[in-house]
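**Student:** The listed protein sequences derive, respectively, from chains A and B.
Under numbering that gives the first Met the number 0, the residue at position 153 of the first sequence is numbered 152, and the numbers go up by one with no gaps.
Under numbering that gives the first Met the number 0, the residue at position 36 of the second sequence is numbered 35, and the numbers go up by one with no gaps.
Using N, Cα and C, we set each Cβ at its ideal position, and we do this for glycine too.
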Amino acid sequence: MTALIIRRIILIIPLLFIISIISFIIILLPPGSYVETYVENLERTGFLMDESQIKAIYKQYGLDRPAVVQYILWMSNFLLKGEMGRSFIYQKPVTEVIMERLPMSMAVTLISLAVTWLLAVPIGIYSALRQYSIGDYVATIIGFVGLALPNFLLALALTYLVFAKTGHAVTGLFSIEYKDAPWTVDKLFDLLGNIWLPILVIASAGTASLIRILRATLLDEKNKQYVTTARAKGLPEHKLILKYPVRVAINPLISTIGWTLPLIVSGEIIVSQTLGLETLGPVLLSAAMGEDMFLVGSIVMILSSLTVIGTLISDILLAWIDPRIRFDKVSI
Amino acid sequence: MSQDQLTPMASEPILEIRDLKTHFMLDTGTVRAVDGIDLTISRGKTLGVIGESGCGKSVTAHSILRLIPSPPGQIVNGQILLYRQGEVIDITRLQPKEATIRQIRGADIGMIFQEPMTSFGPLHTIGNQIGETILTHQQAESAQSAREQVIELLRQVGIPNPEQRVDAYPHEFSGGMRQRAMIAMAISCSPMLLIADEPTTSLDVTIEAQILDLLVGLQEQTGMAIMLISHNLAVVSEMADDIAVMYLGKRVELGSADAIFDNPLHPYTQGLWRSIPRVDGPLDKLIPIPGAVPSPRDRPTGCVFASRCNRFIEGTCDEPRPVPTFEVEPDHFVACYLYD
């Protein structure tokens with residue numbers, strides 16, 4: 000088990016290195032640059048810069064050097080000082096921009112994830128055990144609606160409904176008066192009054208697909224021989240269902256846990272944009288549109304790294320709950 | 000059942016099946032998988048049940064423990080009487096999920112299945128899954144003493160190094176080992192009846208012989224009765240005291256193993272014998288029974304075997320009524336008009 004984990008971690012290192020190179024190439028790919036746009040904008044307002052001033056700006060950001068040197072500088076700053084360059088748009092270090100938004104991003108994503116699981120697992124089990132019952136049909140219909148309805152539409156509709164019924168406008172995670180206020184109990188309550196809506200919206204799509212996955216696997220598993228064996232031992236029905244087929248049917252869900260890790264950063268960009276959430280998603284969007292190269296590159300790198308690490312976590316979890324995976328042996 | 004062992008009560012029944020009908024109500028029609036079966040299993044004896052695939056052997060066995068998935072399966076008629084400690088329980092009257100049937104499962108009646116490969120859940124150790132049976136039925140048992148019992152059981156069924164193997168997972172066992180573990184699980188609560196549903200079908204021949212020897216040995220030690228279901232005549236005739244021959248949901252012949260072996264009466268039983276090689280007989284050609292088992296959906300209205308029978312009597316065998324059973328010699332019954 001430990002050997003498996005260590006081997007996987009060692010394998011990850013070169014992978015992350017390759018990811019960082021690709022991220023940097025992505026940074027350089029788009030034609031033009033933030034500086035060019037910046038200069039153009041200044042010229043349009045009548046402020047003419049001469050060549051030396053423009054060069055100075057390029058030099059300030061290290062953009063005058065060859066791409067390889069830029070990459071090495073970017074990487075070494077990150078590895079040695081934990082810095083990821085400077086954001087042009089925010090005029091702050093990239094790490095600062097990210098750290099400002101990260102806690103809220105994590106809160107929204109992790110709570111949505113918890114809600115998703117708490118809803119999906121019991122409903123999925125119920126749906127499979129009572130296949131074709133009224134409850135199953137209701138869960139299926141709600142599930143498909145949740146899956147088919149675009150999240151931003153649900154977000155807009157809910158925002159409108161809440162506003163029309165209560166007069167409370169859910170715009171962002173905080174009401175305007177608390178936006179920049181220090182943390183107080185009132186601010187926390189304000190957050191709770193706002194955060195449920197994005198969480199509900201984000202959880203709805205995830206819940207639907209998890210229910211479908213769990214239902215399908217459990218329908219397969221519950222008729223297998225080992226379930227009949229357990230029944231023939233005289234175990235109570237609820238106990239044997241939870242111990243045997245449900246445990247097996249949870250596996251595909253566990254393997255998706257890893258994919259939710261990058262969602263902490265990029266989760267539901269559209270919903271966040273629609274609802275004005277101060278999470279990382281909108282930052283990525285505006286940075287990409289504004290050619291804020293270090294910010295985009297850093298976020299892309301973080302996203303990719305989180306995907307890799309998330310997959311590792313999934314694999315470790317799977318190996319932990321499924322002995323057939325643990326020993327690297329092919330089971331019959 | 001150690002207190003009862005080696006008491007050769009001639010034929011004290013522990014399980015009696017009377018006119019059992021288990022049907023499956025499918026969208027495409029009713030499948031009459033078991034259609035009026037009578038069987039008696041006596042204490043300490045082995046009843047062999049043979050027949051081709053689809054004749055209702057397994058459905059009968061699953062009906063005894065109420066393991067028939069419902070819907071679509073349903074016991075529509077008959078009784079399954081279990082005689083235990085002075086009381087008689089009609090299993091067909093029990094709800095499939097209530098406490099009484101759960102006590103019977105695993106404690107009074109143990110069962111082993113056809114597919115040892117998939118009979119254990121993949122995520123729990125063998126020891127956990129066997130010990131669970133003991134903990135379920137013997138409330139006072141601690142996990143530690145259950146574990147020791149499991150080790151002892153594994154030793155009893157011939158698994159080497161049981162102290163280590165108790166913590167192994169099913170995928171670390173071979174097919175034969177898994178079937179041994181399965182037997183250990185089925186006998187863990189000293190049942191008075193062990194139902195073995197094709198216990199050796201998916202195993203190779205040498206392992207098959209070992210498993211059958213094991214069952215015989217355990218029966219001698221514990222005095223439990225065995226209901227041995229197989230399509231393999233050799234297996235059944237070697238182990239069974241009595242043999243029931245099933246065809247298309249009906250019991251067509253019943254008698255002692257010797258009687259069925261030496262003097263098969265029903266044309267189907269005779270056909271079965273002709274279709275297997277005999278070591279002691281002349282090396283004649285094997286004669287398969289022509290045709291195939293008809294679908295239970297459109298079973299013949301008269302004798303179920305009529306369409307494949309080589310001694311078909313026009314106007315009698317195709318009469319649309321159930322064939323009566325005749326006792327041709329003492330304790331040897333056959334459902335065939337030839338013996339009317």
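Between which residues of its own chain and Ala-229 of chain A is the CB-CB distance below 6 Å, once the five residues before and five after are set aside?
**Tutor:** These residues qualify, in order along the chain: Leu-239 and Tyr-243.
**Student:** Answer with buried or exposed for Phe-143 of chain A, where buried requires no fewer than 16 other C-beta atoms within 10 angstroms of its C-beta.
**Tutor:** Phe-143 of chain A comes out exposed.
**Student:** Let's test the definition: count the other Cβ atoms within 10 Å of the Cβ of Tyr-33 of chain A and tell me whether it reaches 16, buried, or not, exposed.
**Tutor:** Counting Cβ neighbours within 10 Å, Tyr-33 of chain A comes out buried, since at least 16 surround it.
**Student:** Cβ closer than 9 Å: which chain B residues qualify as neighbours of Ile-320 of chain A?
**Tutor:** Here the neighbours are Leu-122.
**Student:** Can you have a look at Glu-86 of chain B and say buried or exposed, based on whether 16 or more other CB atoms are within 10 angstroms of its CB?
**Tutor:** Looking at its Cβ environment, which holds fewer than 16 other Cβ atoms inside 10 Å, Glu-86 of chain B is exposed.
**Student:** At least one CB of chain B closer than 9 Å to the CB of Val-120 of chain A: is that the case?
**Tutor:** So, not an interface residue.
**Student:** Chain B partners of Pro-235 of chain A, CB-CB under 7 Å?
**Tutor:** What Pro-235 of chain A touches in chain B: Arg-101.
**Student:** Select from B:Val-303, B:Asn-231 and B:Leu-285 the residue whose C-alpha is nearest the C-alpha of Asp-196 of chain B.
**Tutor:** With distances taken between Cα atoms, Asp-196 of chain B lies closest to B:Asn-231.
**Student:** With distances taken between CB atoms, is the gap from Val-418 of chain A to Ile-20 of chain A smaller than 9 Å?
**Tutor:** In the structure as shown, chain A begins at 0 and stops at 331. Residue 418 of chain A is therefore absent and cannot be evaluated.
**Student:** Between Phe-112 of chain B and Arg-177 of chain B, how many whole angstroms is the CB-CB distance? I'm expecting something under 8 Å.
**Tutor:** Going by Cβ atoms, the distance from Phe-112 of chain B to Arg-177 of chain B rounds to 11 Å, so no, they are not a contact pair.
**Student:** Could you check how far apart the C-beta atoms of Ala-119 of chain A and Lys-221 of chain A are, in whole angstroms? I think they sit under 8 Å.
**Tutor:** With 8 Å as the limit, Ala-119 of chain A and Lys-221 of chain A do not qualify as a contact, their Cβ atoms being about 17 Å apart.
**Student:** Identify the continuous beta strand (DSSP E) that holds Gln-69 of chain A and give its terminal residues.
**Tutor:** Taken as a continuous stretch (DSSP letters only), Gln-69 of chain A belongs to no beta strand (DSSP E), being part of the alpha helix (DSSP H) at 66–80.
**Student:** For the alpha helix (DSSP H) holding Leu-311 of chain A, just list the boundary residues, first then last.
**Tutor:** Here the alpha helix (DSSP H) through Leu-311 of chain A covers 292–320.
**Student:** DSSP three-state call for Val-329 of chain A: helix, strand or coil?
**Tutor:** In this prediction, Val-329 of chain A has a pLDDT of 40, which is less than 50 and means its spatial position is unreliable; what the coordinates show is noted afterwards. Coil at Val-329 of chain A, not helix or strand.
**Student:** On the premise that Ala-142 of chain B lies in contact with Ile-158 of chain B, defined as a C-beta separation below 8 Å, what is that separation, rounded to the nearest angstrom?
**Tutor:** Not a contact, Cβ separation roughly 20 Å.
**Student:** Comparing C-alpha positions only, which one of A:Pro-281, A:Gln-272 and A:Ala-231 sits nearest to Gln-128 of chain B?
**Tutor:** Among A:Pro-281, A:Gln-272 and A:Ala-231, the Cα nearest to that of Gln-128 of chain B is on A:Ala-231.
**Student:** So, using beta-carbon positions, are Phe-332 of chain B and Thr-324 of chain B closer together than 9 Å?
**Tutor:** Yes. Within cutoff.
**Student:** Taking DSSP as the reference, what is the three-state secondary structure of Gly-171 of chain A?
**Tutor:** Gly-171 of chain A falls in the coil class under three-state DSSP.
**Student:** To the nearest angstrom, report how far apart Cys-335 of chain B and Leu-247 of chain B are at their CA atoms.
**Tutor:** Going from the Cα of Cys-335 of chain B to the Cα of Leu-247 of chain B covers about 14 Å.
**Student:** Give me the subset of the segment 121–142 of chain A whose CB atoms are less than 8 Å from a CB atom of chain B, sorted by chain position.
**Tutor:** Cβ contacts with chain B: none found.
**Student:** In the DSSP assignment, what residue or residues form a beta bridge with Ser-255 of chain B?
**Tutor:** DSSP lists B:Asp-241 as partners of Ser-255 of chain B.
**Student:** Please go through the segment 201–287 of chain A and give each complete alpha helix (DSSP H) segment of 4 or more residues, from N-terminal end onward.
**Tutor:** Listed in chain order, the complete alpha helix (DSSP H) runs (minimum 4 residues) inside the segment 201–287 of chain A are 224–231, 236–240, 246–265 and 268–274.
**Student:** From this set, A:Gly-275, A:Leu-311 and A:Leu-79, which residue's C-alpha is nearest Arg-6 of chain A's C-alpha?
**Tutor:** Comparing Cα positions, the closest option is A:Leu-311.
**Student:** Looking at the C-beta of Thr-216 of chain A, does it have a partner C-beta in chain B at a distance below 9 Å?
**Tutor:** Taking Cβ atoms only, chain B never reaches closer than 9 Å to Thr-216 of chain A, which makes this a no.
**Student:** Could you work out which residues of chain D lie near Phe-112 of chain B, taking near to mean beta carbons separated by less than 9 Å?
**Tutor:** Judged by its chain identifiers, the structure shown contains no chain D, and its protein chains are A and B.
**Student:** Looking at C-alpha atoms only, which residue of B:Gln-220, B:Ile-225, B:Glu-114 and B:Ser-144 is the closest neighbour of Gly-174 of chain B?
**Tutor:** When only C-alpha atoms are compared, the closest one is B:Glu-114.
**Student:** Which residues in the same chain as Met-83 of chain A place their Cβ atom closer than 7 Å to its Cβ, once the five residues preceding and following it in sequence are excluded?
**Tutor:** Phe-77, Val-93, Thr-94, Phe-293 and Ser-297.
**Student:** Mapping DSSP to helix, strand and coil, what is Asp-89 of chain B?
**Tutor:** Note: Asp-89 of chain B maps to strand in three-state DSSP.
**Student:** Determine the closest residue to Gly-205 of chain A out of A:Leu-117, A:Val-137 and A:Thr-1, with distance taken between C-alpha atoms.
**Tutor:** Minimum Cα distance to Gly-205 of chain A is reached at A:Leu-117.
**Student:** For a contact defined as C-beta to C-beta under 8 Å, what are the partners of His-331 of chain B on chain A?
**Tutor:** Going along chain A, no residue has its Cβ under 8 Å from His-331 of chain B, so there is no contact; the nearest lies around 32 Å.
**Student:** Measuring CA to CA, which of B:Thr-21, B:Ala-258 and B:Ala-183 is closest to Ser-69 of chain B?
**Tutor:** Of B:Thr-21, B:Ala-258 and B:Ala-183, the residue nearest in Cα terms is B:Thr-21.
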